[in-house]
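Respectively, the protein sequence lines represent chains A and H.
Converting from the first sequence to my numbering requires adding 1 to each position, the first position being numbered 1.
Converting from the second sequence to my numbering requires adding 934 to each position, the first position being numbered 1.
Where a beta carbon is used, it is the ideal one built from N, C-alpha and C, also for glycine.
Remarks on the structure that follows.
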Amino acid sequence: MAQKSVWSDNRFWQRSASWITGFAAMLLIWLTFDTIPQIMMGNDTDIKEGVTKRVPGPTVINYKITYEMSKRRGHEIPVIGGANAEGTSSFQEKELFFGRDDWSQEEAMEMLALGKLASQAKNCMNCHTLLGNGAYYAPDLTKSWLDPMWGPEGPLQAMTGKSTKEEAMAEFLINPSQYPTHARMMPKLGITAAEAKGLVAFLKHMSTIDTNGFPRNFGKIKGAVHGK
Amino acid sequence: MANNYLTSESKKLATWYFTFAAILFGAQLLFGLVAAIQYVMPGFLFEILDFSVARTVHINALVIWMVFAMMGSVYWLLPDETGIETVGIGLGKLFYWVFVAAIVVVVLVYLFVQVGPADQTTIWFIMEGREYLEAPRWADIGIVVVVLGFIYNLYATGMKGKRTGIVTVLMADMLAFAGIYLAGMGYTDNISVDQFWWWWVIHLWVEATWEVFVGAIAAYGLIHMIGAHRKVVEMWLWIEVAMLFGSGILGIGHHYFWIGTPEYWWEIGALFSALEPLPLVAMFIHVLYDWGKQQGAQEAQGKEVSVVTNKPAFTWFVLQAFGNFLGAGVWGFFHTFPQVNLYTHGTQFTSAHGHLAFFGAYATILIGMFYIAVQNKNGIKVMKATKKSIWATCMIFGGVLGMTVALTLAGYVQVLVSRAQMGATWAGYFDGQAGIWFAQGMDWRLIMGVVTFIGFIILIKDLLSIGSATHHER
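Encoded structure:
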């Protein structure tokens, strides 16, 4: 009989499989312990002290949000309350949200929590994508707060007859099929006024999450196709 | 299927699982067609059965029929592998009915209640609104209980009877499969944290534990259908486990590029998920090659009968090896690097990959298991294909491949127009959707979906009638 080789020994491969699996699993768990603290939601104190978080506190709804190219990182980042000298959030410039720019941590969190819950209860993710995940039947919502369509000159804001972005979005969410934006319409989902307000807060907050530059060039191009 | 040659209670239970799996498979295709029609005719069933509802049922039926067929496959192979009757069959039967009843209730609620108010009662009783894991929490808990019962049976049988390599792999794999589900049961206000754990379930299921599972099933099929040497097959199975878990577990990083998680996931995700395609075809092709060259050729000498004991099942197993490599491997690799994924993430490209990967890696081999069950239930020694089996195989495989190509081309339009050219806004999204090539892609997807569905009907007819065909060796 020929000499036995380790390469044709099932025990060797079984042990290798166990070690490799164990090692990969330990590495994933270790990385999870590193990642989770980095994506925990910040709070109002961070914002007041100018600390940038990957997922900032709910009171970002009191601030103006933009999405700017970061020279240092080579892609766009959310900028909260205007940019400082380095091009990152300065947390200075405020913006009215449903008529106020002084929502407290508790009030803002309550709205955001209701909005997150509504986003699940209304199954948003099976038509839209959130952070790029979900279905592809409707536009991505990651930075929808910053979409020019909803801005002061955008047709969607005008369509609802409201004078601010947040009111227009909320009005649309309550009665979507009254506002036929496209042949592919959003159905009426029984969203209440409070839920709509929460959803808009949720969307505004989501636009401040640091998504490593996804989506690229959002809202920068004012229509290039067919010369529009 | 008049005569029942099955004497093992475990195998009888397996056929129950396969039957309900096949029904859900039909539901998956039907609701997929509804969603596909809505892309082409947006007014179809508007505010009656909206796209979100159709798609929820489409993807949930997909996951659940596969879980059912997987549990059925384990009940099927356990007596063969361990040499004893499965322990706890009574529990298995009871939980089967509990599981079926729970799924019927969940689907009825999806269809007729659809959405709820924004409070925790909706999460508990109507829907959790997280893609693939929409099932309300009461059903989550039910699933955990049912799966724990299943795992008890598997472990009790594996420890009492002969523990082969295949059984050992299944025992480890199914425990991980069940444990990982727990990561997706919580609720959080933070969407980044939410999606982080959500991917633990989705990714670690379909790109790790399910892949290892089908590896074990393929190993079983190779041993039982062509009589390949267990030692060779199981050695390859262990190599496959090492490679699948070695690449798949950290391959989860490719889902952490853009959800708020740190940049280091770019490198981790790119590296490990680029390695994922490697193992997908190795075992099957290697064993088949070795076997064909040596053992199969010897065994076939001087024989009239085919040495492959189940032609239609074996065809589906071969299609699995290639379908898995193409759908999960090649189509996954296309967009696994962050540099590409920045533009492809959340487009029809993902959908193209999803269709071919779920089908190629899982549907194929599970259909193969259906045929193995039909063969043994009818006491057939060598089962040959019928015209229907050939038509069904060609139409289903061709249909899914056609859908994949159509979605890939639609995805390209979306990537180039909506993303690269227009910067992913509302206007960019709908400019992409209005593109003529996108629209044609959606038309072809629907046509190919219909082809797939007709193939499915032929498949069911074949499964119900092939047992009584007269050209088999009995």
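Taken in chain order, the members of the stretch 1358-1384 of chain H whose beta-carbon sits within less than 7 angstroms of a beta-carbon on chain A are Ala1358, Thr1359, Trp1360, Ala1361, Tyr1363, Phe1364 and Asp1365. For Glu1065/H, the neighbours in chain A by C-beta distance under 8 angstroms run, in chain order, Met126, Asn127, Asn134, Gly135 and Ala136. Taking the C-beta atoms as reference points, Thr1020/H is found nearer than 8 angstroms to Leu1012/H. Of the candidates Thr1016/H, Gly1155/H and Ile1183/H, Ile1183/H places its Cα closest to the Cα of Trp1133/H. Any Cβ of chain H closer than 8 angstroms to the Cβ of Phe215/A would place that residue at the interface, and such an atom is present. Contact note: Gln39/A reaches chain H through Pro1196, using a C-beta cutoff of 7 angstroms and chain order. Between the stretch 1042-1058 of chain H and the stretch 997-1016 of chain H, the count of C-beta pairs closer than 8 angstroms stays below three; the two stretches do not touch. Closer than 8 angstroms to the CB of Met207/A there is at least one CB belonging to chain H. In this structure, the beta-carbon distance from Ser120/A to Gly1288/H does not fall below 8 angstroms. Sequence-distant Cβ neighbours of Lys1096/H in its own chain, meaning closer than 6 angstroms and more than five residues away, are Thr1016 and Gly1017.
Think of a sphere of 8 angstroms around the beta carbon of Thr212/A: the chain H residues whose beta carbon falls inside it are Trp1192, Ile1193 and Gly1194, in chain order. Closest option to Phe1218/H, judged by alpha-carbon separation, among Val1047/H, Gly1257/H, Ala1073/H and Phe1304/H: Gly1257/H. Contact check for Leu958/H against Phe1002/H passes: the beta carbons are separated by less than 8 angstroms.
Residue pairing by DSSP puts Leu131/A in a beta bridge opposite Asn134/A.
By the Cβ neighbour-count rule, Arg989/H is buried, with 16 or more other Cβ atoms within 10 Å of its own. Chain H places a beta carbon closer than 8 angstroms to that of Gly220/A, counting this residue as a contact.
Of all residues in the stretch 974-1002 of chain H, only Pro976, Phe980, Glu981, Asp984, Phe985, Ser986, Arg989 and Thr990 place a beta-carbon less than 7 angstroms from a beta-carbon of chain A. Taking 8 angstroms as the threshold, the shortest C-beta distance from Ile1400/H to chain A does not fall below it. Spanning the alpha carbons of Val1043/H and Pro1051/H requires a straight line of approximately 14 angstroms.
Cβ neighbours of Thr1298/H within its own chain (closer than 7 angstroms, five residues either side excluded): Trp1250, Leu1253, Gln1254 and Gly1257. Going by DSSP, Thr36/A is part of no beta strand (DSSP E) but of the alpha helix (DSSP H) stretching over Asn11 to Ile40. Shown here, Pro177/A sits in a helix according to DSSP, grouped into three states. Chain H has no Cβ within less than 8 angstroms of the Cβ of Arg73/A.
Secondary structure note for Tyr1346/H: its alpha helix (DSSP H) is the uninterrupted segment Lys1321 to Val1347. The CB of Glu1062/H comes closer than 8 angstroms to the CB of Gln121 in chain A, given here in chain order. The three-state reading of DSSP puts His1220/H in helix, counting H, G and I together.
Leu967/H and Tyr1296/H have their C-alpha atoms roughly 20 angstroms apart. Chain H places a beta carbon closer than 8 angstroms to that of Gln15/A, counting this residue as a contact. When 7 angstroms is used as the limit between beta carbons, Pro188/A is near these residues of chain H: Phe980, Glu981 and Asp984, in chain order.
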